[in-house]
Every structure is written in C-alpha cells, then in structure tokens.
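One structure below.
Chains as they are written, first to last, in this note's numbering: chain B, 251 to 568; chain W, -15 to 665.
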C-alpha cells in the first residue's frame, strides 16, 4: 500500500506542476480562502450561482459551492459559514432578507438584473374556451371551464405552496372570483399538474413564475389583474373592492444578491464583482431551457456562456 | 363505568357479542356521531363558540419560548471557556474528518489545495475496485453466490450512470451506520444495566422515532453548520433508536446460564459486558445493525435537502424538472444499494463463528481474498491512470430507461385519466370528505374525554392521564384542527392499508411462493423514496388529500402485511390440527382459528402502520395537505425552530397515544387468548 501511495503521489505532483504552469497567469487576490456560494434546488439559481462562481475563479478566487436551503441559509450567512447567496426573490424572500440585513451581519448586494414574475397563468389552448382572457374579468365567465368535479361549479386555481405566500385566497375573495384556491405543496407538484393537464389539453389555471422553464416549455399567458401598487395591498379602499385589500395582481420585483457582511473586507475584489453581476431574464431563460428542456449539462451551459460573454464578465472583475 | 368485559373468558361464538363495556362504547360512538354533525349548530344555540373553536385563553406561547431558547443556545450559551456553538461545531469538525476520508476514497480522491488550484494526488477507488471489494466482503460473509449478487448490485449502479452519486451516499452511510450502531449499543447497554436509565431513555426514543425529521432539521443546521455533517447528525438521530431497543432486548435475552458462567469465572463488570454478554447477544444485535442501515437509507432524500448530495439530491432535482424517469432511476439505485447492504448485513448475522485453529499459517495463506482484493485495488488504480475506463465507468456505455417511464406515465395520463378521476371522485366524496367532516366536527372537549376514557379502560389511570396530557398539549398549542386533519388523513390511509395489507399477509403466510413475491414487493415500496412515486401520483390524481393518501398507503402497507403473515405463521400447529380434525373447512380454519389467534400480532402490525403513516405526513405536505405535516414543513421553510418542534412533538404525541392504546389492547387480547406475553420473540 505504501509504495502504491508513493507512486501515485509522484504522479499527482507531476500533474500539479503541469496545472500550476497553466493557471499561473492569475491575478493576486486578497485571500485564498474559498468563497462559499450557496446552491438551492432550482435550475435558474444553480446557473446564476455557477456563473458567478466561474467568473470569480477567473479572477483567481477559490470558490466552493454549498448546498443549502433557501430560507435556512440566512442563519449561515449571518455567522459567516456561508458567504454569498445569488438569488433572493423579492416575491418570496424579502421578509427573510430584511430580517437578516437588519442584524447588520448580512448585506444586500443589489439586483441581479432579473425580474421575478409571479402570476396566475393558463395554457394557450384555454383561450379558445375562454376568449375574454387574459383580462381577469373573463375569469368568472369561464369558472365552469376551469372547474373539476370537486370544485364545480366553481373554477379551480392551483396556488403555490403555502410558504410562498402570495395572498391568493385573499385575492380570489377581494375580486369576487368564483374559484377555489388549492395549494400545491412544492413546485414539483405544481408543475406535475401542469404537465399532466398539458398532455391532455385539459383546463388548468395555476401559479407560474419566471424565470423558469415552464413558461418556456408550455405555451400560455399570465392573467392580467389590475396592476399591483403598494396601496392595493395596504389600503382596502383602493381598487375595485372598496372593503378589501389585495384586489390587484402580484408585485413583480427584482431578484437580489446577498452576502455575509464580512465579504467586503475579506475579498474586496470579489465583493465588487458580485455587486457588478447582472444578467437579463431572457439570457437566463435561454440557459434554464437548455438545461431543463434540452437536457444539456448544466456546467457545460455555464461554460458556454462564460466563453461567449467575456466582454461582459471581464468588466465585473477588473 | 362497568367492569371491563374484555377480561372475561374466551368469547363464545353464539353469545350476543355485546358486553356492558362494548355497549357503552357503542353509545358513546353514536353520541360522537351526532355531536360531530350538530356541533356547529349546537355551539350557536348555546352561544358556546368554545365548543368548536379552541378559546384563545387556553393557548400558550410555547413556540416563541422554544425559538427564544434556541437563539440563546446558538448565540449566547457559554461554558466559560467556550460557547455551546463552539462545542457543537467541534463535534461537527470531528465528524467531518472520517466523512471527508470516506468521500475521498470513494468519490473525489485525495486533493491538495483549495478551489480551482486543487490538485488530485490520489484518485478515488475505481469502480472495478469497489465492485470487487463488496464482492469479496460478500464472499467472506457467506458465499460465492452472495458475492456475485452484491457485485451485480454495484455493477448496476455503474451501468445506470448512478455511480458517483451512489458513492457519495455510500460514504455518508459508512459514517452514519457505525455512529448509529456504536451510540445505540452504548445507550442500549446503559438501559440494560440501569433500570432508571432505561426508564428515562424510553420516552426519548419514542420521540426520536416519531417526531418528524423536518422538525429538528433547523436546529441541527444552526448548531452543526451547513453541509453533510448536519445531514449525518439528523440521519443518526433518526436511525439509532431501534439499535438501542434491540440492544437492551438482546442483552436481556441472553440465557441466565451464560451470565452465571460469567460470574463463576469471576468476570468484572466490564468483562461481563464486553466479553460475555455482547458476544452472546450478537445475532440479536446484528438485527439492530440491519435496521440502522435501512433507516439511514430512508433518510437519504431528506438528508440531501440539507446538503448531503448523492442519490437523494438526484431524485429531488430530477423530479423538480419533472424528469420522472431520472428520478425513478436514482430512486431504484437507492433500493439496490439498500438491498446489497441489507443482504450483506443479514449474512453477517448468520455467519458461523470462526474456527480457532491452533497453528497460524502465513498471512498470505490465511488471507487470500484480502490480498487478491488489494491487488485489484492497486492494479485498477494504477492502470486507471493510463486507461480512464478502468477508473470511472465510461459514460457512453451507460444505459437509461428514463424515456420509457415518462412515456408510460404519459400514456396512462392521456388514455385513462377519466377512469382514474371517476374512482378518485367516488373515494373522495364517499370516504375522505365524510371522515374529515366528522373528525373536524367533533367538539374538542368531547374528543379529549373519549381518548382519556379509552386510556382508562385499557390501562387505568396511568394511561388515562397520559392520553389526557398529550392531547391537552396539542390543544393548548393551538394545533387542534391541524391534528384532526392529521388523524383523518392517517386514519383513512391506515384503514385502506389494513384492508389491503391483512389479506396480502394471509396469502403470504399460506403460500410460500406468493410470500416471497409479496415480501420483495413491500420491501421495494419501503426503500424506494416516496418522492419518486409522489410526482406521478400527482400527475394522475392532482394535488390534494387523495394523492397524499395513496402515497401514505403505499409506504405504510408493509407492516400490516408483515405482522399478519408473522402472526399466522407463528400459530401453534397443534391448534390448526385440532381445527382440521374437528372438520373445519379451509375458510372456517382461517376465520375461526387463524385470524382470531393472530389478532394480537395483527394489531401490532396496524400499530406500526400508524407509525409509518404518521412519519409520511411530512412528505405528503409536499403535495399540499393541510395538517400537522404541513405545519412542520412550513416551519422548516421559514426556519422557525419553535413552530417546527411544537408541531413535530404534536405528531409524536398522536403517535404515542395510538401506540399505547393499541399496545394495551393487544396485551389484553393476548391475555384473553391465553398466549404468552410479548417480548419473547
């Protein structure tokens, strides 16, 4: 065993020398400690994070990817166990993010350039059965078309997991929609129902968000509710229903980047690069589709973007 | 209250089956039914809203207290020299070392340097080497046959492209299992040695087994940091209890002659434990080891949610992409891994003790297989540097059946959805909805009264007090409606599982071939991560309680089958012969003799089914149920320690009430049938 080990050690060292020569052109960085970026469980976030990670690697930083829960990660960001989280959605993560930044141990590094859209959505073939769409006022005329045996004569709207919030129960009531709001437990269940309905061209009305592969894979539209304003959620008098709030659509908002507050002092260069990071919904949508729909390797898609967009990312790390 | 009539002599088949107690319960049941359907009007008529809605004054803020305690523990708790978090982080570091080693050996190789400067100076074991090593272990434990079998299992992992993930999973199993076994052994010995320790330990073990894992994931993350170590800790907590129980049982089961022998030759306490008792209890202990392995593999999916990676992560990400085939293949890989490890550990249980020869031949002669294995490791490692095929299985030779499964689900979906929908609607309207209305309708004071009364009848004041306090806990924490939803979903699922499982068990017991087939089927159902079939079920039955129920039934079926089969198999053959002699038909034999005699076992099986059903609730929360499982899940996603623990403990309390009541009932049934007391298996 000993000799075996030594031989391999020799081979390994030879390899090391070779690699060192290849990567020798790297700039000096402030700290060689790995910067820990968190990975969650949806493809878009994996891509965003890997893009950032690969760019940081180009700048000479050591990068480590850590699997962590979307909300639970804030505990780690506060203590410095984790360093960077690349996607905190205005729509689902605002509360947790504000709580964390208020402690001073977590810092908001600005927008990623992507805009989160979350709204009621229907497949395009439903437009034949309900020509008034996408205007929300058509929904009540088509409640029957969107119903299932359990909800008839009311329509059925499949909302996101309870944890996503979104005030859909309140919205249905405030806008007097004849719909029953059913909550899926996870987005996997949510899109499983969509896939099933789409295969059968069956009626479905559900919560879809972007950037995500679903609105790319399936043809369809978002329902147009009265446009969201802060007053709509806060002030019952606003909008169609004088007695209730939430008589409007959902807010759209940026997707934020956050980091452990210590990143600024420990890796100032990386800090600036993360702050500068920006991609658009379209770019991200294309990459998500390449991975989830065409079955391409995620790391390959990321490498491809890096190769094609040198002008963009070299600006972040200069 | 009349004397409990169940105590009286054996039931006379022709006599009226109504005893005073049964009559009381019949009336109580009727009253409950009426109350459940009129409670709303009743509360309005009496102006007593508290009947249907738990009044605010009764609630306490245990959630916030627990959360506050937790943040104190994480941020402020201090032992003078170091803080509590330092301690847990130290433990995490200690655990990380062997894990990193195992991972390096199996997956990543030994690496020098950080990040992109990392250089691998020693590759991981090649796939050929690993296959060879497990085959060699199989041969050592039993036979060439087993060696071929486990070798093929691991080969499957390579051929189906699951190798790297499977090795990550295996690495964490390799660390979690010894920890679970070692810790369980020590605690079990403690329980055997000191009565008081056993008494303290039993409720703790009950909680460990019944509190849903999601409930304590958040505190574990806080204390042990993010990453595989937290997942390891959670796995060990979940997988250890059976080992503790089995250790205590096995040590108690050591024949007294052996113990006396130990005393006679003058063993010290330590020698007695480690040289006499533990070796003699070895076969029993190995059953515990087997359980730890199985439960650890059960945890794979949940562990991957907090950073364990591996096969569980593959299952999750595939299903999030609705890649049903991919999810299934990764799920089956978990089953295959479980089967291979299970067979290996079973073989060690049955392994004949080594013969102690007088002369020691040379090392090479004594260990030909060890040497051969080392040679293979070396050879593939070295050749792998030149021929990558030998190091990692070539991607081009991998097979996938993913498309087939996807098409299958699509075909069923497109062609049979309406039929399935009809069945579902029928079940929902005629079974699920009425049961739910009934349970949610029962006024809470009445329900607590009933549970307490049941406790009193089956176990007198001790059990009555337990039932009262535990159900009271759920009430004062404001989780009453959630708890009723939980009981409804579990109750319906257990009912269906029993209706399906008991006949399957009867068939399995009476026909060996069918028995083997059924056994394999339920084993697969239990090890296959439920997430794998949850998503196709949602596609066919939509989000909701019905889909959740199917998942629970599939998972919880196994014990109903197994215990029924065991109960019928272990009936004294003389009794059956007596039946045959007196001219019973096969049907009579089954209904009049076998089933009544197997009843206590069947009840224990139902008990286990309830436990499994409750443990599935957290998973079914993922398809949108509104019960305690959902409450735990919400707490997890919001990282709310207190809320999660309170809801989790409530689930555990429901489980404990059910368990104690049924166990007491089974004990009575045994006594009535004149069977030996339990514990002697």
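Think of the CB as a built atom: it goes at the ideal place given N, C-alpha and C, for glycine as much as any other residue.
Asked	Found
Contact with chain B by residue 143(W), beta-carbon distance below 8 Å	no
Pick from 296(B), 558(B) and 279(B) that is closest to residue 301(W), judged by C-alpha positions	296(B)
The region 509 to 516 of chain W touching the region 571 to 583 of chain W, judged by at least three CB pairs closer than 8 Å	no
With 16 other Cβ atoms within 10 Å as the buried cut-off, status of residue 645(W)	buried
Residue 216(W) to residue 379(B) span [Cα, whole Å]	52 Å
Three-way DSSP call (helix, strand, coil) for residue 178(W) in this model	coil
Min CB distance residue 557(B) to chain W below 8 Å	no
Residue-level contact to chain W via CB, residue 202(B), 8 Å cutoff	Residue 202(B) lies beyond the stretch modelled for chain B, which goes from 251 to 568, so this question has no answer here.
Stretch pair the region 623 to 638 of chain W + the region 499 to 514 of chain W: three plus CB contacts closer than 8 Å	no
At least 3 beta-carbon pairs within less than 8 Å: the region 312 to 332 of chain W vs the region 109 to 126 of chain W	yes
Residue span of the alpha helix (DSSP H) that contains residue 656(W), given as start and end	625 to 657
8 Å contact criterion, which residue 82(W) and residue 92(W) should meet: CB distance rounded	Going by Cβ atoms, the distance from residue 82(W) to residue 92(W) rounds to 15 Å, so no, they are not a contact pair.
8 Å Cβ cutoff met for residue 328(W) and residue 202(W)	no
Residue interval of the beta strand (DSSP E) (run including residue 339(B))	334 to 339
Neighbour list for residue 450(B) in chain W, Cβ cutoff strictly below 8 Å	397, 398 and 401
The region 599 to 619 of chain W contacting the region 409 to 424 of chain W, beta-carbon criterion three pairs below 8 Å	no
Reference residue 400(W); option with closest CA among 450(B), 417(B) and 495(B)	450(B)
C-beta atoms of residue 35(W) and residue 42(W) nearer than 8 Å	no
Short Cβ contact (8 Å threshold) for residue 604(W) with residue 532(W)	yes
Distance, residue 553(W) Cα to residue 183(W) Cα	33 Å
Contact residues within the region 418 to 432 of chain B, judged by C-beta distance below 9 Å to chain W	432
Cα-Cα separation between residue 427(B) and residue 512(B), rounded to whole angstroms	49 Å
Inter-residue Cα distance where the pair is residue 602(W) and residue 631(W)	11 Å
Within-8 Å CB hit, residue 623(W) to chain A	Reference to chain A is not applicable here, since the protein chains of this structure are B and W.
Burial state of residue 333(B), where buried means 16 or more other Cβ atoms lie within 10 Å	buried
CB contact check: residue 549(W) to chain B, cutoff 8 Å	no
Cβ-Cβ separation, residue 331(W) to residue 125(W) (assumed contact under 8 Å), whole Å	4 Å
Identified DSSP bridge partners for residue 67(W)	62(W)
Contacts of residue 618(W) in chain B (Cβ-Cβ under 9 Å)	411, 412 and 413
Contacts of residue 281(B) in chain W (Cβ-Cβ under 9 Å)	Per Cβ cutoff of 9 Å: no residues; residue 281(B) is ~10 Å from chain W at best.
is_contact[residue 409(W), chain B] using C-beta, thresh 8 Å	yes
Contact list for residue 399(B) against chain W, beta-carbon separation under 8 Å	405 and 409
Inter-residue Cα distance where the pair is residue 516(B) and residue 309(B)	15 Å
Residues that DSSP places opposite residue 288(B) in a beta bridge	316(B)
Chain W contacts from the region 441 to 474 of chain B (Cβ-Cβ distance under 8 Å)	441, 442, 443, 445, 446, 449, 450, 452 and 463
Touching by the beta-carbon criterion (3+ pairs, under 8 Å), the region 167 to 187 of chain W and the region 276 to 294 of chain B	no
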